[in-house]
Amino acid sequence: MRRFVPVLAAAIFTACEGPVIPPESIGDIYDFRLVTTPPEVLRWPSGTRVRVYAEDAAGARAGQLSGSLATGVVVWNRHALYGEYELVPVASVNDADVLLRWSDEPSPVDMSECPPVVSIAVTTFCRADADRTRLKVFPLLAGGGGGVRFVITILGTQSGSGETVERLVIHELGHALGIGRHSPHPQDLMAEGVPTRATLSQRDISTVQVLYHTRPHITP
Amino acid sequence: MVIRGERELRGERRGRDGRSLLATAVPFFFICLMSAEAASAQRVDLYARAGAAGSSALVTDLVATAQVAQALGAPVDTEVRAVPAVGPLLAAGVRAGFWPTATLGLDLSWSPTELRAEDSAGTRPIQDLNVLQTMIQAAWAVRPAVELGAGVGLIWYRSDGAGLFADGSDAAAVLEVSGAWTPGLWQNRLALVGAAQTHRFSTPVLRAAGGRDGSVTRLSLSARVRLLEVGQ
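Going line by line, the protein sequences match chains A and B. Mapping the first sequence onto my numbering, position 14 (from 1) lands on 24, and the numbers just tick up by one. Mapping the second sequence onto my numbering, position 24 (from 1) lands on 26, and the numbers just tick up by one.
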């Protein structure tokens with residue numbers, strides 16, 4: 011019996027391969043780099059809690075943005091297996107890194123130096139003048155510091171369809187995480203236009219995972 | 003996807019006759035425990051243990067290849083590992099004399115820790131993790147103050163529903179070898195125990211991501227204090 015114990019001990023220490031996700035599982039990815047020359051990688055530093063504030067409107071639109079944000083947070087956070095990022099809804103724009111707003115409601119931040127382009131949904135950010143590896147902070151109109159670096163603007167006329175708004179918000183959160191282009195595959199969440207889905211495709215998942223393991227040129 | 007070990011992870015490993023090995027082992031343990039005192043009139047100890055436990059990586063994810071890095075023109079991690087931090091270990095159990103130099107015991111342990119990611123960005127916390135175990139252990143006194151042991155049991159990883167544990171985790175069978183030294187202090191109530199364990203690890207999220215389950219090694223060092231002793 012005494013001989014058995016060292017044999018078992020040796021078996022433990024020469025145990026087989028550990029749990030692994032092999033490279034075959036990476037799958038296809040699409041280009042997530044910004045359309046700059048040369049293309050650059052923008053993403054939050056690994057482990058960042060990205061705080062998102064939804065500026066809801068009153069009336070029929072009440073709660074539409076914050077509800078879509080809550081869904082989007084779950085959709086994106088599910089695929090940060092190693093704590094690469096965490097989207098967190100916050101209750102005040104003062105605490106936010108990302109602002110989510112309607113195009114036809116007053117903005118709580120000054121966007122005059124970095125205005126959004128007109129689209130059904132758009133994520134706006136600009137490089138800082140002093141440090142080209144960082145992003146500009148949108149000043150709070152109410153004064154004070156603030157830290158909003160991305161503004162997601164949803165076209166007000168889209169509010170008629172809650173499902174469309176939700177898909178647009180989830181798509182734009184992908185841009186706020188750093189996916190700098192659209193997928194060329196229409197079935198992906200990050201394809202151009204109104205998304206045909208509210209969840210990430212395998213290609214979207216692989217893309218955001220590779221993005222968050224690529225050394226960035228720009229960190230917000 | 004999952005090549006092997008899934009049934010074992012669910013605690014469904016079966017013998018040749020199709021009977022669950024767990025269903026066999028648990029009654030066998032209690033029969034041994036009950037017969038031990040009657041047969042050899044040895045003592046039964048209740049004890050508590052406290053110490054620290056560490057583990058090898060729960061997952062190694064080969065997140066990208068050199069070809070991906072070349073296509074992107076930027077440095078890319080080719081590997082990220084999820085590793086539990088070394089954490090405290092608390093346990094309690096019972097040991098019964100089995101033969102003059104052997105004991106049989108049941109040990110329940112809890113080790114709260116933190117799962118951490120290791121990649122080129124450094125080490126960062128992912129989520130809190132609770133490791134629960136129940137073990138059936140046999141030990142033999144090879145010297146008056148030295149014991150060697152072996153055990154089998156089950157291990158559970160409990161965490162909030164996020165990341166690798168978003169869809170829960172599987173219980174896994176554990177094998178253990180251990181050694182204990184009684185330094186002769188405090189009327190021999192104190193012993194130092196070292197243990198090495200191995201088990202398979204997988205979660206539904208890991209399998210959905212194309213992962214293969216594999217072996218995880220855990221090491222622990224603890225102080226065992228006899229709280230109560232019944233019999234000779």
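Glycine residues also receive a C-beta, built at the ideal position from the N, C-alpha and C atoms.
From Tyr92 of chain A to Phe167 of chain B, what does the alpha carbon distance come to, in whole angstroms?
11 Å
Counting Cβ pairs closer than 8 Å, one from the region 118-126 of chain B and one from the region 139-152 of chain B, do we hit at least three?
no
Under 9 Å between the Cβ atoms of Ile31 of chain A and Val78 of chain B?
no
Label Trp244 of chain A either buried or exposed according to how many other C-beta atoms from any shown protein chain fall within 10 Å of its C-beta, with 16 as the threshold for buried.
In the structure displayed, chain A extends from 11 to 230; residue 244 of chain A sits before or after that span and is not available.
What in chain A is Cβ-close to Ala77 of chain B, meaning under 8 Å?
According to the sequence shown, residue 77 of chain B is Pro rather than Ala. Residues of chain A passing the Cβ test: Thr224 and Arg225.
Residues that Asn87 of chain A contacts on chain B, provided the C-beta gap is smaller than 8 Å:
Ala164
Per-residue contacts from Ser57 of chain B into chain A (C-beta, under 8 Å)
Residues of chain A passing the Cβ test: none, with the nearest at roughly 10 Å.
Which chain B residues sit within Cβ distance under 7 Å of Gly241 of chain A?
As displayed, chain A neither begins before 11 nor continues past 230, which places residue 241 of chain A out of reach and without an answer.
Helix, strand or coil for Thr81 of chain A per DSSP?
helix
Please compile the residues from chain A whose C-beta is within a distance smaller than 7 Å of the C-beta of Asp130 of chain B.
Ordered by position in chain A, no residue passes the 7 Å Cβ test against Asp130 of chain B, which lies about 12 Å from the chain.
Whose C-beta lies closer than 6 Å to the C-beta of Arg71 of chain A among residues of the same chain, with five residues either side of it excluded?
Ser169
Following the continuous beta strand (DSSP E) through Asp47 of chain B, name the residue where it begins and the one where it ends.
Val46 to Ser57
Are the C-beta of Leu91 of chain A and some C-beta of chain B separated by less than 9 Å?
yes
Starting from Glu173 of chain A, trace the alpha helix (DSSP H) in both directions and tell me its first and last residue.
Gly172 to Leu187
Which word fits Thr103 of chain B, buried or exposed, when buried means at least 16 other C-beta atoms lie within 10 angstroms of its C-beta?
exposed
DSSP on Gly166 of chain A, reduced to helix/strand/coil?
helix
Using 10 angstroms around the beta-carbon of Ser102 of chain A, count the other beta-carbons present and answer buried if the total reaches 16, otherwise exposed.
exposed
Chain A contact for Glu10 of chain B (CB, 9 Å cutoff):
Per-residue confidence for Glu10 of chain B stands at a pLDDT of 37, beneath the threshold of 50, marking its modelled position as unreliable; the derived number appears in the next sentence. It does not: the Cβ of Glu10 of chain B has no partner Cβ on chain A nearer than 9 Å.
Can you tell me the Cα-Cα spacing of Ala152 of chain B and Gly165 of chain B, whole angstroms?
33 Å
Chain A residues whose Cβ lies nearer than 8 Å to that of Ala240 of chain B
With chain B represented from 3 up to 234, any question about residue 240 of chain B goes unanswered, as that position is not in the structure.
Glu94 of chain A CB to nearest chain E CB: under 9 Å?
This model lacks chain E altogether, as its protein chains are A and B.
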